[in-house]
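Asks:
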Amino acid sequence: MSDIIQLLPDSVANQIAAGEVIQRPASVIKELVENAVDAKASSIQVILKDAGRTLIQVIDNGKGMSATDARLAFERHATSKIKVADDLFSLHTMGFRGEALASIAAIAQVELRTKRKEDEMGTLITLAASTVESQECVSCPTGSNFCVKNIFYNVPARRKFLKSNQVELSNIINEFERIALINPEVSFILKHNDNELFNLQPGNFRQRIVSIYGKGMNQQLLPLEIETSLIKISGYIGKPEAARKRNALQYFFVNGRYMRHPYFHKAVMQSYEQLIPVGEMPNYFINFTVEPSQIDVNIHPTKTEIKFENEQAIWQIISATVKEALGKFSAVPSIDFDMADAPEIPIFQKNNPVAPPKSNFNPSYNPFKMSTGGNSRRPDFDWNKLYAGFTSGQVPVAGKEEESEIFASAIDREDDELSEESLIVQSVISTDNMGDTGGSFMQIRGRYILTNVKSGLMIVDQYRAHVRILFDRYMSCIQAKQGVSQRTLFPEIIQLTTAQVAILQNIMADLQFLGFDLSNMGNNAYSVNGIPSGIEGVNIETLIWNMLETATEKGRDVKADIHERLALSLAEAAAIPYGQVLSSLEMEQLVGDLLASVMPNYTPDGKTVISILSNDEITKRFK
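Take the sequence shown: its letter number 229 is residue 288 in the numbering used here, and every next letter is one higher.
#1: For Arg667, which residues does DSSP report across the bridge?
#2: Would you give the residue range spanned by the beta strand (DSSP E) that Phe549 belongs to?
#3: Within 10 angstroms of its Cβ, does Met580 collect 16 or more other Cβ (buried), or is it exposed?
#4: Do Leu649 and Ile603 have their beta-carbon atoms positioned less than 9 Å apart in this structure?
#5: If the criterion is Cβ atoms closer than 9 Å, does the pair Leu221 and Pro84 meet it?
#6: Indicate the three-state DSSP secondary structure (helix, strand or coil) for Arg172 in the structure shown.
#7: I need the DSSP call for Ala42, collapsed to helix, strand or coil.
#8: Considering Cα atoms alone, identify which of Ala95, Met606, Leu672 is closest to Lys513.
#9: Would DSSP call Cys206 helix, strand or coil?
#10: Would you check if the distance between the CB atom of Phe530 and the CB atom of Leu627 is smaller than 9 Å?
#11: Which residue from Tyr522, Leu548, Gly574, Tyr507 puts its Cα closest to that of Ser535?
#12: Across the region 125-134 and the region 214-230, are there enough close Cβ pairs to call them in contact, namely three or more that are closer than 8 Å?
#13: Which residue marks the beginning of the beta strand (DSSP E) containing Leu308, and which one marks its end?
#14: Cα separation between Ile292 and Ser378?
#15: Is it the case that the region 112-119 contacts the region 81-96, given that we only count it when at least three CB pairs across the two stretches are under 8 Å?
#16: Taking contact to mean 3 or more Cβ pairs, one atom from each stretch, closer than 8 Å, check whether the region 343-350 and the region 299-312 are in contact.
#17: Hey, out of Ile552, Gly515, Asn605, whose CA is closest to Lys679's CA?
#18: Can you tell me whether Val337 is helix, strand or coil according to DSSP?
#19: Within the same chain, show all residues whose beta-carbon is closer than 8 Å to that of Asn411, passing over the 5 residues directly before and after it, in chain order.
#20: Our contact map puts Arg316 next to Lys362 with C-beta atoms below 8 Å; I'd like the distance itself, whole angstroms only.
#21: Nearest-angstrom Cα distance between Lys682 and Asp675?
#22: Helix, strand or coil: which one does DSSP assign to Ile377?
#23: How far does the alpha helix (DSSP H) with Lys219 in it extend, from its first residue to its last?
#24: Which same chain residues, not among the five before or five after Leu114, have their C-beta less than 8 Å away from its C-beta?
#25: Look at the alpha carbon of Gly123 and the alpha carbon of Thr185, and state the distance between them as a whole number of angstroms.
#26: Quick one, which of Gln333, Ile103, Phe323 has its alpha-carbon nearest Ala302's?
#27: Using CA atoms only, rank isn't needed, just tell me which of Pro321, Lys666, Arg532, Ser643 is closest to Ala655.
#28: Residue range of the beta strand (DSSP E) that Asp652 falls in?
#29: Where does Glu687 sit, in a helix, a strand or coil, going by DSSP?
#30: Please report the straight-line C-alpha distance between Glu134 and Asn242, rounded to a whole angstrom.
#31: Apply the 10 Å Cβ neighbour rule to Asp471 and answer buried if 16 or more other Cβ atoms are within range, or exposed otherwise.
#32: Over what stretch of residues does the alpha helix (DSSP H) that includes Met567 continue unbroken?
#33: Within the continuous alpha helix (DSSP H) that includes Glu158, where are the two ends?
#34: From Arg523 to Glu383, what does the alpha carbon distance come to, in whole angstroms?
#35: Helix, strand or coil, according to DSSP, for Leu280 in the structure here?
#36: Who are the Cβ neighbours of Glu170 in its own chain at under 6 Å, not counting the five residues just before and after it?
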């Protein structure tokens, strides 16, 4: 029997490695920009076409490479960052595995122009599917110029399942922001389809945060600064009032490398307990500086998961640092001992006798004495009218139209004195018929509506029912392209990030169909001149943020999906909240509109709206 185990060709091995390292166009930008940072570049420019599908170009003014290095750089496990195994425990650079360029060349067409400062001529090398097509000398500036064209052109399945351009662009911007944040001394430029999205000038960490996320962020940052023998922590945290329910800006960096760390995230969140509402998350930009030997970054291909040697001790340091910053800058509410407006309490003194309180009264006052001034006598009442119609030994039988006016007025007075609870009880025991329901409604805990139906007792979730009704209404507005807009008295200015603006431009027409009127004010700021009718009182800025986030969750470039997600976000924001007390007429209207819906039993996202407790189940409970 012949041997069956064989070495894979380099092209196949590189494609396998590309499945881990290069997941989407954003992965290409991450690897190339990190290499540019490692090359000590002071200026990095990223140019995109079609969200990276057609072209990804990264230009830097770093050290550059020689002709031999340029050729070897695309070989697997070829790197200048490490030489021996011990170097893994003292990493100071980003790329070190030596798989990035080889993986990129395996799934795309790559051109590299590079030149060192001491060389007179540069090198041009062209590759496609891990094959070197040409290498020649060219004239080019110092640094490197990578052109990655037609990503996944030789892997049709991977290219087919790339998400929409808006989603891929959003992922690219997220990766770009992570690298730009931690390298504020480097100038960054990002262009997409000849539109400049970012132009970041060198500065400090705070200036870089403000230049990326807007000037409004400057007033929301609280500085962090602590240095121990174990770790050095610096950066900024957000004020409690700036916390968000969704899309919070949360970044951890260790030794200039972005990372995700759920354990340290929990330490920050616990420091904000009792300061922010449940479900909201604060912003933070925290840098860690530790000895490279105390961390392990080589546990995941994307190098975003990092293990620390002393995680529990660092957890305590993070918690104490965040709490100190919140307390130092008065973000934590303190006990007020201000006595300026306090009531003055006299001090008891033995030498001064205490006089008893005096009371003034009129000894001649008589409540039964008739007033002499004016005519205050009550009008005489003929009591014989009460016995009108009665004869000896007989009780008259009269119809409703013949009732005495006196009794009618007495009944009216009793109705006016009925309490709110008695009115609710009367509405519950009503026996009028209303379609499938019995016309009797009762609200429980400000959340559920109960009514009797032929099959038993129907329980309706009022919030979900209203979401169902509003969703159908907004979908009809989008389909008919005629949403009702309510003009705002004072236009509200909202500040968006570059990633949010890219998504907003794609769904602007759909927002107009819903009833939104937005105008571009420049610098990623938009003025809200009109909102859909019926959502007055809703926080418009938070609503638009949530809609933008919702528009990118699934990432499919299907208009119907975008319409449904927008309508659902708007319905959830405008629906009546839990705890709102409804009148009997409002409950009747809500249930009636719900039963008129095409799918009354479930919300658009599949949650139960109606539950029926059958007559048999009710009977079993009383056996």
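Note that beta-carbon positions come from the ideal geometry of N, C-alpha and C, so glycine has one too.
Replies: With the given structure in hand:
#1: Looking at the sequence provided, one finds Thr at residue 667 rather than Arg. For Thr667, which the question treats as bridged, DSSP gives the partners Tyr661.
#2: 544-554
#3: exposed
#4: no
#5: yes
#6: Correct three-state label for Arg172: strand.
#7: Given that the chain is displayed from residue 60 to residue 682, the structure contains no residue 42 and the question cannot be resolved.
#8: Leu672
#9: strand
#10: yes
#11: Gly574
#12: no
#13: First-last for Leu308: undefined, no H or E at that position.
#14: 11 Å
#15: In short, these stretches touch, since the Cβ pair count reaches three.
#16: yes
#17: Restricting attention to Ile552, Gly515, Asn605, the CA atom closest to the CA of Lys679 is found in Gly515.
#18: coil
#19: none
#20: The C-beta distance from Arg316 to Lys362 rounds to 7 Å, short enough to meet the 8 Å contact threshold.
#21: Looking at the backbone, the Cα of Lys682 and that of Asp675 are separated by about 11 Å.
#22: helix
#23: 215-219
#24: Correct list, in chain order: Ile106, Leu107, Lys108, Cys206, Val207, Lys208.
#25: Looking at the two C-alpha atoms, the distance is approximately 16 Å.
#26: Gln333
#27: Each of Pro321, Lys666, Arg532, Ser643 was checked against the Cα of Ala655, and the nearest Cα belongs to Arg532.
#28: Taken as a continuous stretch (DSSP letters only), Asp652 belongs to no beta strand (DSSP E), being part of the alpha helix (DSSP H) at 643-654.
#29: For residue 687 there is no data in the structure shown, the boundaries of the chain being 60 and 682.
#30: Going from the Cα of Glu134 to the Cα of Asn242 covers about 28 Å.
#31: The pLDDT assigned to Asp471 is 46, lower than 50, so where the model puts this residue is not dependable; a value taken from the coordinates is nonetheless given after this. When all chains shown are included, Asp471 counts as exposed.
#32: 557-573
#33: Segment: none, Glu158 is in no alpha helix (DSSP H) and carries neither H nor E.
#34: 42 Å
#35: strand
#36: Thr185, Cys206
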